[in-house]
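Engineer: Questions regarding the structure given below will be posed in turn.
2 protein chains.
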Amino acid sequence: MPRTDMIDIKEAQEVFIDCLKSRGLRYTSQREAILETFLSSMKHLTVEELYALVKEKNMDIGYATVARNMKFLVECGIADEIKVGNKRTRFERHYGRQHHDHLICLKCGAFIEVHDSNIEMLQNKLAEANDFVPQRHKLEIYGICRECR
Amino acid sequence: MPRTDMIDIKEAQEVFIDCLKSRGLRYTSQREAILETFLSSMKHLTVEELYALVKEKNMDIGYATVARNMKFLVECGIADEIKVGNKRTRFERHYGRQHHDHLICLKCGAFIEVHDSNIEMLQNKLAEANDFVPQRHKLEIYGICRECR
DNA sequence: GGTGATATTGATAATGGTTATCATTATTGT
DNA sequence: ACAATAATGATAACCATTATCAATATCACC
Chain A
2 MPRTDMIDIK EAQEVFIDCL KSRGLRYTSQ REAILETFLS SMKHLTVEEL YALVKEKNMD
62 IGYATVARNM KFLVECGIAD EIKVGNKRTR FERHYGRQHH DHLICLKCGA FIEVHDSNIE
122 MLQNKLAEAN DFVPQRHKLE IYGICRECR
Chain B
2 MPRTDMIDIK EAQEVFIDCL KSRGLRYTSQ REAILETFLS SMKHLTVEEL YALVKEKNMD
62 IGYATVARNM KFLVECGIAD EIKVGNKRTR FERHYGRQHH DHLICLKCGA FIEVHDSNIE
122 MLQNKLAEAN DFVPQRHKLE IYGICRECR
């Protein structure tokens, strides 16, 4: 595990603890395990996958606990939900990362993360032109990735 | 009902019939009722809402039939699915319309249709820069609409 | 028009993912 | 230590969508 990730995990931990405290909630061993497992993985995990990973660490935990707490991680700004179709929701790291969009391969399902500040700017202009106050957005481009051609 | 819509319905009907035929499927009275009701509505309907509308016309129809055939309408290029969160899928007209994106109000749930060809162009460039062949995309901007401020 | 093959329908069951329930356990502040 | 409160985890409930299947309708062909 590279050093930068270690640091990020500690930072994120503090953010999570503060966020929980501000809502009168506690930082439990389960929450710690979920947070660490989630941040250590570089993948876009589902609750099911994360649940399995936490269990692998000899941690006795319930599915509901993982599902519930992933919601908290989202609310605390540490994770983001990725919903595609009717499939299981996946989560990606949000804390410490800049906003990005996704290229989604229709063959292999790969998520390629991209960013274009010009597009972001034009999106804001587009919203303004419609008297609309933008808060967040989702851009997904579906197609075929390099490997699948 | 304005004249242009009447014409559009007939055109769409032909497209639908051709699409069905090419797949060895039939154009039934239920399919006709669903198509007409769908195209006559200017709203983004759910299967449930469409089902209710068709029934209002003294048409005896089942929920499953509506759901099934909305899928066909999508496959035939007449309708588009709009999925937001875990809510019911909504459908909008696709045939005869140019592609557009949505501003979605977080308060009232309104869908405002917008289009920006510059954004589209940049999206294609972005995909190309990643050796990705784009097929379609989805851009949703969430925020607060004019009426809700 | 009749006939056999095939598609459609619609009531309902099954599915799949997410969320709610609730008794039990753990943690906190005093 | 105690009372108050939150967390957990097994499971049920929920909700939208999709599958099933017997009954019905439609088609192509004779």
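The listed protein sequences correspond, in order, to chains A and B.
Sequence positions in the first sequence follow the working numbering and run 2 to 150.
Sequence positions in the second sequence follow the working numbering and run 2 to 150.
For each residue, glycine too, the CB sits at the ideal point set by N, CA and C.
1) With 8 angstroms set as the bound, which would you pick, yes or no: does the beta-carbon of B/Met-2 sit closer than that to a beta-carbon of chain A?
2) Kindly provide the ranges of any alpha helix (DSSP H) runs that are 4 or more residues long and lie completely inside the segment 40-122 of chain B, ordered along the chain.
3) Got a sec: is the Cβ-Cβ distance from B/Phe-133 to anything in chain A below 8 angstroms?
4) Using a cut-off of 7 angstroms between C-beta atoms, extract the partners of A/Ala-18 located in chain B.
5) If you draw a straight line from the C-alpha of B/Gly-97 to the C-alpha of B/Ile-18, how long is it?
6) Per DSSP, B/Val-134 forms a beta bridge with which residues?
7) How would you label B/Met-2, buried or exposed, when you count the other beta carbons within 10 angstroms and need 16 or more for buried?
8) Classify B/Leu-140 as helix, strand or coil using the three-state DSSP reduction.
9) If the cut is a Cβ gap below 8 angstroms, which residues of chain A does B/Glu-99 touch?
10) Determine, for A/Arg-91, whether the minimum Cβ-Cβ distance to residues of chain B falls below 8 angstroms.
11) Of the residues that make up the segment 115-130 of chain A, which ones have a beta carbon closer than 9 angstroms to any beta carbon in chain B?
12) Check the Cβ of A/Glu-141 against every Cβ in chain B and list those closer than 7 angstroms, keeping chain order.
13) Where does B/Asn-70 land, buried or exposed, given buried means 16+ other C-beta within 10 angstroms?
14) Starting from the Cα of A/Ile-1, find the closest Cα among A/Arg-32, A/Arg-27, A/Val-48, A/Gly-144 and give me that residue.
15) Decide yes or no for the touch test of the segment 117-126 of chain A against the segment 26-44 of chain A: beta carbon pairs closer than 8 angstroms, at least 3 of them.
16) Listed from N- to C-terminal order along the chain, which residues in the segment 103-114 of chain B have their beta-carbon within a distance smaller than 9 angstroms of any beta-carbon of chain A?
17) For B/Arg-150, which residues in chain A fall below 9 angstroms Cβ to Cβ?
18) If distances are taken between C-alpha atoms only, which option among B/Gly-25, B/Ile-142, B/Thr-47, B/Met-60 comes closest to B/Arg-91?
19) Between which residues of its own chain and A/Leu-26 is the CB-CB distance below 6 angstroms, once the five residues before and five after are set aside?
20) By DSSP, does A/Leu-127 sit in helix, in strand, or in coil?
21) Could you tell me whether the Cβ of B/Gly-78 comes closer than 8 angstroms to any Cβ of chain A?
22) Consult DSSP for B/Leu-21 and reduce its assignment to one of helix, strand or coil.
23) Excluding five sequence neighbours on each side, which residues of the same chain lie with their C-beta closer than 8 angstroms to the C-beta of B/His-101?
24) Between B/Ala-65, B/Leu-104, B/Arg-137, which has its C-alpha nearest A/Lys-219's C-alpha?
25) Could you check the C-alpha separation between B/Glu-12 and A/Ala-80 for me, to the nearest Å?
26) By the criterion of Cβ-Cβ separation under 7 angstroms, what are the contact partners of B/Arg-24 in chain A?
27) Beta carbon of B/Pro-135, beta carbon of A/Ile-142: below 8 angstroms?
28) What's the C-alpha gap between A/Cys-109 and A/Val-85?
Structural biologist: Looking at the atomic coordinates:
1) As a position in the second sequence, residue 2 of chain B is number 1, starting the count at 1. Confidence in B/Met-2 is poor, its pLDDT being 49 and thus under 50, which makes the residue's placement unreliable; the coordinate value appears in the next sentence. For B/Met-2, the answer is no, since every Cβ of chain A falls outside 8 angstroms of its Cβ.
2) Within the segment 40-122 of chain B, the alpha helix (DSSP H) runs of at least 4 residues that lie entirely inside it are, in chain order, 48-57, 64-76.
3) Stepping through the second sequence from its first residue, residue 133 of chain B is reached at position 132. Yes, contact with chain A.
4) As a first step, residue 18 of chain A is located in the first sequence; it is residue number 17 there, counting from the start. It is Ile, not Ala, that sits at residue 18 of chain A in the sequence shown. None at all; the shortest Cβ gap to chain B is about 28 angstroms.
5) Here residue 97 of chain B is taken as the residue at index 96 of the second sequence, counted from 1. Here residue 18 of chain B is taken as the residue at index 17 of the second sequence, counted from 1. Going by the C-alpha atoms only, they are around 16 angstroms apart.
6) Reading the second sequence from its first residue, position 133 is the one you call residue 134 of chain B. According to DSSP, B/Val-134 bridges with A/Ile-145.
7) For the purposes of this step, residue 2 of chain B is identified with residue 1 of the second sequence, where counting begins at 1. Unreliable placement is indicated for B/Met-2, whose pLDDT of 49 sits below 50; the coordinate value is still reported in the next sentence. Under this definition B/Met-2 is an exposed residue.
8) Here residue 140 of chain B refers to the residue found at position 139 of the second sequence. Three-state result, B/Leu-140: strand.
9) In the second sequence, counting from the first residue as 1, residue 99 of chain B sits at position 98. Note that residue 99 of chain B is Gln in the sequence shown here, rather than Glu. What B/Gln-99 touches in chain A: nothing, since even the nearest Cβ is about 15 angstroms away.
10) Position 90 of the first sequence, counting from 1, holds the residue named residue 91 of chain A. It does not; no Cβ of chain B falls within 8 angstroms.
11) For the segment 115-130 of chain A, which is checked against every Cβ of chain B, the residues closer than 9 angstroms are Val-115, His-116, Asp-117, Asn-119, Ile-120, Leu-123, Gln-124, Asn-125, Lys-126, Leu-127, Ala-128, Ala-130.
12) Counting from one through the first sequence, the residue named residue 141 of chain A turns up at place 140. Within chain B, the residues near A/Glu-141 are His-138, Lys-139.
13) For this step, residue 70 of chain B is matched to residue 69 along the second sequence. Buried: at least 16 other Cβ atoms inside 10 Å.
14) This structure cannot settle anything about residue 1 of chain A, because the visible part of chain A is limited to 2 through 150.
15) No, because fewer than three Cβ pairs between the segment 117-126 of chain A and the segment 26-44 of chain A fall closer than 8 angstroms, the two stretches do not touch.
16) Considering only beta carbons, the part of the segment 103-114 of chain B lying closer than 9 angstroms to chain A consists of Leu-104, Cys-106, Leu-107, Ile-113, in chain order.
17) Sequence index remark: in the second sequence, residue 150 of chain B carries index 149 (1-based). What B/Arg-150 touches in chain A: Asp-132, Val-134.
18) Indexing the second sequence from 1 puts residue 91 of chain B at position 90. For B/Arg-91, the nearest C-alpha among the options comes from B/Thr-47.
19) Taking the first sequence and counting its residues from 1, the one referred to as residue 26 of chain A is at position 25. Hits under 6 angstroms: none found.
20) Looking up residue 127 of chain A in the first sequence gives position 126. Three-state DSSP puts A/Leu-127 in a helix.
21) As a working mapping, residue 78 of chain B is identified with position 77 in the second sequence. By this cut-off, B/Gly-78 is not an interface position.
22) Looking up residue 21 of chain B in the second sequence gives position 20. Three-state DSSP puts B/Leu-21 in a helix.
23) Within the second sequence, residue 101 of chain B is the residue found at index 100, counting from 1. Within the same chain, B/His-101 has close Cβ partners Glu-114, Val-115, His-116.
24) Since the displayed chain A opens at 2 and closes at 150, residue 219 of chain A lies outside it and no answer follows.
25) For the purposes of this step, residue 12 of chain B is taken as the residue at position 11 of the second sequence. For the purposes of this step, residue 80 of chain A is taken as the residue at position 79 of the first sequence. Taking the straight line from one Cα to the other gives about 46 angstroms.
26) Start at 1 with the first residue of the second sequence, and residue 24 of chain B comes out as number 23. In chain order: nothing, as chain A lies at least about 21 angstroms away.
27) Reading the second sequence from its first residue, position 134 is the one you call residue 135 of chain B. Reading the first sequence from its first residue, position 141 is the one you call residue 142 of chain A. Yes, these two residues count as a Cβ contact at 8 angstroms.
28) Translated into positions along the first sequence, residue 109 of chain A becomes position 108. Translated into positions along the first sequence, residue 85 of chain A becomes position 84. Annotation: A/Cys-109 to A/Val-85 spans about 14 angstroms, alpha carbon to alpha carbon.
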